[in-house]
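**Q**
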Amino acid sequence: MKKQKTITGRKFRELMSMVAEDATAAIDTIDITAHGNTFTFDLQGATINITINEPATPRQKGGQR
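What follows is the structure, encoded as structure tokens:
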């Protein structure tokens, strides 16, 4: 079973920044492919796939009402 964790938008931006810094430290070029709502970053020796799915219903602050 996968664990799910909720983090703040600020923390997510920090995490993505760290990933970008580490992944591109020794790379001159990156191939980026977009297909629908999926982005693929082909690095030298690694691939990062990001799929953006919009929630079925917007999350409300304070939970469902």
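Start counting the sequence shown at 11; every next residue gets the next number (my numbering).
Note that the Cβ used here is the ideal one computed from N, Cα and C, for glycine as well.
Bear in mind that the values here come from a model prediction, so they are computed numbers and not experimental data.
Taking only the alpha-carbon atoms, compute the straight-line gap between Ile42 and Met11 and give it to the nearest angstrom.
**A** 31 Å
**Q** Using only the alpha-carbon positions, how far apart do Asn63 and Gly55 sit?
**A** 27 Å
**Q** Using the Cα positions of Gln14 and Gly46, report the straight-line distance between them to the nearest angstrom.
**A** 24 Å
**Q** Please work out which residues of its chain come closer than 7 Å, Cβ to Cβ, to Thr61, disregarding the five sequence neighbours upstream and downstream, and give them in chain order.
**A** Asn47 and Thr48
**Q** Given this structure, state the Cα-to-Cα distance separating Thr39 from Arg20, to the nearest angstrom.
**A** 27 Å
**Q** In the DSSP assignment, find the unbroken alpha helix (DSSP H) run with Ala35 in it and report its ends.
**A** Neither: Ala35 is in no alpha helix (DSSP H) and is coded neither H nor E.
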